[in-house]
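J.: Each residue of the sequence shown is one higher than the one before, starting from 11 at the first, in our numbering.
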Amino acid sequence: MKGAARRVTLEVVGWVLVVAGIAALVLPGPGLLMLFGGLAVLSQQYEWAERRLDPVKYRALRGAAESVETPLRIALTTTGALVLAAAGVLWMVKPDAPTWWMLADSWWLPGGIATGITQIVSAIVAVGLLVYSYRRFHGKPHAVAALERDTHRADHSDRAAG
């Protein structure tokens, strides 16, 4: 019985992370990271997920490397994280709707504290990923070259298996 419960739990967690990761590819949030986490969980049960794990991992790392290539990208990422955190605080404080707001007051900052907390956590994750990326890739062309080789190898093995 424990095996069945574990399997169901892993599947639910894996699929929730995959769906959230796909959504976060277009919404604020670490989409590739969540997608990778979901595939990592599902890879314990499915061979197809295991085959796709490395290509997603290396694409996420390549995105991390690209995010710290230039001072402008670092500044934009930092600014985005700060704006996201400020929005989270605004959602948590939930001031009255401004006079220019044309919709019903109930449409002003929907979601309340839960939305604010989610935005602040996303900002913290973004800053953490930025620090990680900076330490691992900024000014280290050998690390970026090794990542490119690993990405190419993972893409090639995924195509050969598929």
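A virtual CB, placed ideally from N, CA and C, is assigned to each residue, including glycine.
All values derive from a computational prediction rather than experimental measurement.
1) Any contact between the segment 131–141 and the segment 114–122? By contact I mean 3 or more CB pairs, one from each, below 8 Å.
2) Let's see if you can read the secondary structure: which residues bound the alpha helix (DSSP H) around Tyr68?
3) Identify every run of the alpha helix (DSSP H) within the segment 100–148, keeping only runs that are complete inside it and at least 4 residues long; order them along the chain.
4) Take Leu49 as the anchor and find which of Val29, Ala34 and Glu158 has the nearest alpha-carbon.
5) Given this structure, state the Cα-to-Cα distance separating Val66 from Trp101, to the nearest angstrom.
6) Nearest CA to the CA of Leu94: which residue from Ile127, Thr80 and Glu79?
7) If you draw a straight line from the C-alpha of Ala97 to the C-alpha of Thr88, how long is it?
8) Quick one: Cα of Gly41 to Cα of Trp25, how far?
9) Take Val141 and list the residues in its own chain whose beta-carbon comes closer than 6 Å to its own, dropping the five residues that flank it on each side.
10) Could you spell out the range, first to last residue, of the alpha helix (DSSP H) harbouring Leu35?
11) Whose C-beta lies closer than 6 Å to the C-beta of Arg83 among residues of the same chain, with five residues either side of it excluded?
12) Sorted by chain position, which residues of the same chain lie with C-beta nearer than 8 Å to Leu6's C-beta, five sequence neighbours on each side aside?
13) Pull up the CB-CB distance for Val44 and Ala34, whole angstroms please, since I reckon it's below 8 Å.
14) Which one of Tyr68, Val103 and Ala74 has the shortest CA to CA distance from His162?
15) Measuring alpha carbon to alpha carbon, tell me which residue in Trp110, Ala155 and His148 is nearest Glu79.
16) Determine the closest residue to Tyr56 out of Tyr144, Arg146 and Val18, with distance taken between C-alpha atoms.
17) Could you check how far apart the C-beta atoms of Ala1 and Val154 are, in whole angstroms? I think they sit under 8 Å.
T.: According to the data block:
1) no
2) Numbered from its first residue, the sequence shown carries residue 68 at position 58. Here the alpha helix (DSSP H) through Tyr68 covers Glu57 to Glu76.
3) With a minimum length of 4 residues, the continuous alpha helix (DSSP H) runs that stay inside the segment 100–148 are 122–147.
4) Counting from one through the sequence shown, the residue named residue 49 turns up at place 39. Put simply, of Val29, Ala34 and Glu158 the residue whose alpha carbon is nearest the alpha carbon of Leu49 is Val29.
5) For the purposes of this step, residue 66 is taken as the residue at position 56 of the sequence shown. For the purposes of this step, residue 101 is taken as the residue at position 91 of the sequence shown. Approximately 33 Å between the Cα atoms of the pair.
6) Against the sequence shown, residue 94 aligns to sequence position 84. Considering only alpha carbons, the answer is Ile127.
7) As a position in the sequence shown, residue 97 is number 87, starting the count at 1. As a position in the sequence shown, residue 88 is number 78, starting the count at 1. Ala97 and Thr88: Cα-Cα distance of roughly 14 Å.
8) As a position in the sequence shown, residue 41 is number 31, starting the count at 1. As a position in the sequence shown, residue 25 is number 15, starting the count at 1. Their backbone Cα atoms lie some 13 Å apart in a straight line.
9) Position 131 of the sequence shown holds residue 141. Same-chain partners within the cutoff: there are none.
10) In the sequence shown, the residue the question calls residue 35 occupies position 25. Looking at the DSSP string, Leu35 is not in any alpha helix (DSSP H), and its letter there is neither H nor E.
11) Translated into positions along the sequence shown, residue 83 becomes position 73. Answer for Arg83: Ser77, listed in chain order.
12) One cannot answer for residue 6 here, as it falls past the ends of the chain, which runs 11 to 172.
13) Here residue 44 refers to the residue found at position 34 when the sequence shown is read from its first residue. Here residue 34 refers to the residue found at position 24 when the sequence shown is read from its first residue. Reading the sequence as shown, one finds Met at residue 44 and not Val. With a Cβ gap of about 6 Å, Met44 and Ala34 count as contacting.
14) Your numbering for residue 162 matches position 152 in the sequence shown. Checking every option, the nearest Cα to that of His162 belongs to Tyr68.
15) Within the sequence shown, numbered from 1, the residue matching residue 79 stands at position 69. Out of Trp110, Ala155 and His148, His148 has the C-alpha closest to the C-alpha of Glu79.
16) For the purposes of this step, residue 56 is taken as the residue at position 46 of the sequence shown. For the residues Tyr144, Arg146 and Val18, the minimum Cα distance to Tyr56 belongs to Val18.
17) What is shown of the chain runs 11 to 172, which leaves residue 1 out entirely.
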